[in-house]
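First residue of the sequence shown: 67, per my numbering; consecutive thereafter.
Encoded as structure tokens, the structure appears first; notes follow it.
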Amino acid sequence: MSTPKHVIVGTAGHIDHGKSTLVEALTGTNPDRLEEEKRRGITIDLGFAFLDLGAARLGFVDVPGHERFVRNMLAGVGGINLVVLVIAADESIKPQTREHFDICRLLGIPRGIVAVTKSDLVDTDVLGLVRLEAEEFVRDSFLEGAPIVAVSARTGAGLDDLKRELLRAAQSVPAKDESRHFRLPIDRAFAMKGFGTVVTGTLVSGTVKIEDEVELYPAGRRVRVRGLQSGGEPVERAVAGQRTAVNLAGVEREEIERGMVLAPAGIFEATRRLDARISLLGSARGLKNHARVHFHQGTAEAVAELVLLDGNTTLAPGKSALAQLRLDKPVLLLPGDRFILRQFSPVVTIGGGVVLDARAPRHRTGDAAVGPFLETLERGKSEEILAVLASTSPEGLSFQQAIARTGWTGAQVLQTAGKLVAAKELRAVSQQPFVIATTKAVAHSGANLRKAIEEFHRANPLLPGIPKQELRGRVGKTSDEIFAAALEDLVKAGTVAVSGDLVQRAGREIALSAEEARAKELIEKEFERAGLTVPSFAAVLEKLPVESQRAQKILQILLREKVLVKVAEDLVFHRAAVGRLRETLAKYRKEHGERLPIPAFKELTGITRKYAIPLLEYLDRERVTRRVGDERVIL
Ligand SMILES: Nc1nc2c(ncn2[C@@H]2O[C@H](COP(=O)(O)OP(=O)(O)O)[C@@H](O)[C@H]2O)c(=O)[nH]1
Ligand SMILES: [Mg+2]
């Protein structure tokens, strides 16, 4: 037998229209769980119940109908994929029928069924009329053409029909996606004796299993999943589309509140600023730029300031616009999340929207790039979305950042990046960590790099090249990864050469002026003539036709060309002298054996102790000799 499909069914409709009674009639569970609810006979908070239909397991979220409790309704309705819109036959459509229905439309709930309840209270004529009204009411919405089932919880009439329709709808409704990142918006938290902290919610995507380490957003707390229940049963693993209770280790009940979200640890970041497409209900008043509104997403709610991004001062009823929402507290949001907006006061539902950028920057007024950018996020293919995110990240986009910005899985990011790299739009500028950047950004950085190298050569004609670190500093705002890729490109293209730590224009020869060339010759001669009794450099400089700074550079050139050999700081020999010394030592070894006392060395070379020691140390480093006690051994 295949595993049953898990579907969350929500009720919606006006108070006293029989929602809770219907859930009880279907499932046997009275969803009014609070004492106060039982006593007052109304649903204040969310109630839960389950119905097993074989091929589908339905988790019911029974929401309150009273206008004062719409915010509780919103906390429950966020995770549902099937709605039962309840309309009492004796009252037909009432204010919260409309408001709940608006909310379902704004949240993009894909499917539903209309239940005309309390059919026992009216005759067939009235029932027919209410049916017509219901049909009319849902025209041009996701419920157009949906089954309308008359039921009575009192007589049981129509309940089997309703179950049949529920099963049919459950089978065809798109399943919540198990392969996506795990997210569980918390709707309740309580402490259970012997267990500790338990939270419940609808698992809206992904899966979670016992022992997983998860994060409590926005608190940023890492917590461990100690136990799991779904559908009232203990399970090892819960999957998207299930009502889920999670027993958490490492956190107190008091630290948790409705609106927090459990999600994978260390990937996401809660946000206080988001860009979105919002739409205003036709029944709402116009919404002014910078208006304050109530924001509801998942089980979270916040007060938001709304900034219209199209430059208009008002959003007209029935219209949609791009807007930035600035929240009074952080909420974990991902692109594609739907939310509801309610008027600040009096509190009524006025519209909703969909998150386009959950990590939105502040925009400059009249920034013309914002609209097209958000429209790409809204409607673009995944390649377009990743490309536009990379192009607005001058430092490149890391794998982690790409996941956090898109909400995609790692596999989806890699696949999309792969396509863009193949199309040469993006470059993987680093594999470890994986960082992508636009080909344009790398080329731009390359151009800056060449310019900086040229400038360096112009300013320092006698230096072979610019140290990498200095070059990195000169090319300005780019990441190490883009810099490295750009440099590699230039080397591959044969434009630039790197030797050791130095970067230079490829094929560059140091051009010396006649005077400098003459100075170079003089320096070399002076050292060659001196042999091992080298002059001080200052003494050599005095005789030169160039000033000392240039002479220093010429000395560097001679060292690089290995004409001169640096033995110690301020102690330089001509290579011929060193060569002769090696020969002398080889000869000595043949004649006197390998042992070489220091006085013998001094005698042999005719140099003072001041030079003898650094020279011997140099020979040790060069493995011509080796120190043994006070003596040297010639190798
Ligand atoms: N006659 C009749 N009364 C019903 C039926 N279903 C619910 N009721 C009554 O309607 C009232 C409100 O029901 P309830 O389920 O609490 O409504 P809710 O506010 O929509 O959850 C209660 O007194 C119920 O007993 C029905 O099918 N027939
Ligand atoms: Mg109720």
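Idealized CB from N, CA, C, for every residue including glycine.
Distance cut-off 6 Å: residue i Cβ against heavy atoms of ligand 1
| i | result |
| --- | --- |
| Lys242 | no |
| Ala115 | no |
| Arg351 | no |
| Ile214 | no |
| Gly402 | no |
| Leu187 | yes |
| His83 | yes |
| Arg733 | Residue 733 lies beyond the range of the chain shown here (67 to 701); nothing can be said about it. |
| Thr87 | yes |
| Thr183 | yes |
| Gly131 | yes |
DSSP-derived helix/strand/coil call for residue i
| i | result |
| --- | --- |
| Thr561 | coil |
| Arg693 | strand |
| Arg137 | helix |
| Arg698 | strand |
| Gln622 | helix |
| Thr310 | strand |
| His132 | coil |
| Leu682 | helix |
| Ile146 | coil |
| Met67 | In this prediction, Met67 scores a pLDDT of 46, lower than 50, which makes its location untrustworthy; the coordinate-derived value is nonetheless stated afterwards. The answer is coil: DSSP assigns Met67 none of H, G, I, E or B. |
| Ser86 | helix |
| Phe261 | coil |
| Phe593 | helix |
| Ala216 | strand |
| Pro401 | coil |
| Phe126 | strand |
| Leu610 | coil |
| Val541 | coil |
| Lys506 | helix |
| Ile451 | helix |
| Gln570 | strand |
| Phe334 | coil |
| Glu555 | Inspection of the sequence shows that residue 555 is occupied by Asp rather than by Glu. In this structure, Asp555 counts as helix in the three-state DSSP scheme. |
| Ile153 | strand |
| Val414 | coil |
| Ile64 | The structure shown does not extend to residue 64, since the chain is modelled only from 67 to 701, so the question has no answer here. |
| Ile707 | Because the chain in this structure spans residues 67 to 701, residue 707 falls outside the shown range and cannot be described. |
| Phe639 | strand |
| Lys632 | strand |
| Val196 | helix |
Residue i: CB within 6 Å of a non-hydrogen atom of ligand 2
| i | result |
| --- | --- |
| Ser207 | no |
| Lys160 | no |
| Lys259 | no |
Residues bridged to residue i (per DSSP)
| i | result |
| --- | --- |
| Lys275 | Arg303 |
| Arg290 | Glu279, Ala315 |
| Ser386 | Ser345 |
| Gly267 | Ile252, Thr310 |
| His166 | Paired residue(s): none; His166 is not in a bridge. |
| Glu371 | Arg358, Arg392 |
| Asp118 | Arg123 |
| Ala494 | Ile502 |
| Ile519 | Bridge partners of Ile519: none, in fact. |
| Pro350 | Sequence inspection shows Ala at residue 350; the Pro mentioned does not correspond to that position. Answer is none; Ala350 lacks a bridge partner. |
| Gly76 | Val127, Val149 |
| Asp423 | Asp341 |
For the pair the region 506-524 and the region 586-606, tell me if three or more CB-CB distances fall below 8 Å.
no
Contact between the region 488-496 and the region 430-441 (3+ Cβ pairs under 8 Å):
Touching, no.
Three CB pairs or more closer than 8 Å across the region 163-174 and the region 324-343
Per the Cβ contact rule, the region 163-174 is not in contact with the region 324-343 (fewer than 3 Cβ pairs under 8 Å).
Flag this pair as touching only if the region 370-387 and the region 126-145 have three or more C-beta atom pairs under 8 Å; answer yes or no.
no
Under 8 Å: do the region 294-308 and the region 266-280 share three or more Cβ pairs, one atom per stretch?
yes
Give a yes or no on contact between the region 145-159 and the region 175-184, applying the rule of three or more CB pairs nearer than 8 Å.
Touching, per the Cβ criterion.
Quick one: any contact between the region 355-363 and the region 455-467, if contact means 3 or more CB pairs under 8 Å?
no
Three or more C-beta pairs under 8 Å: does that hold for the region 466-473 against the region 521-535?
no
Assess, as a yes-or-no matter, whether the region 308-322 is touched by the region 241-257 under the definition of 3 or more beta carbon pairs within less than 8 Å.
yes
Taking 8 Å as the threshold, find out whether the region 317-328 comes into contact with the region 285-295 through three or more Cβ pairs.
yes
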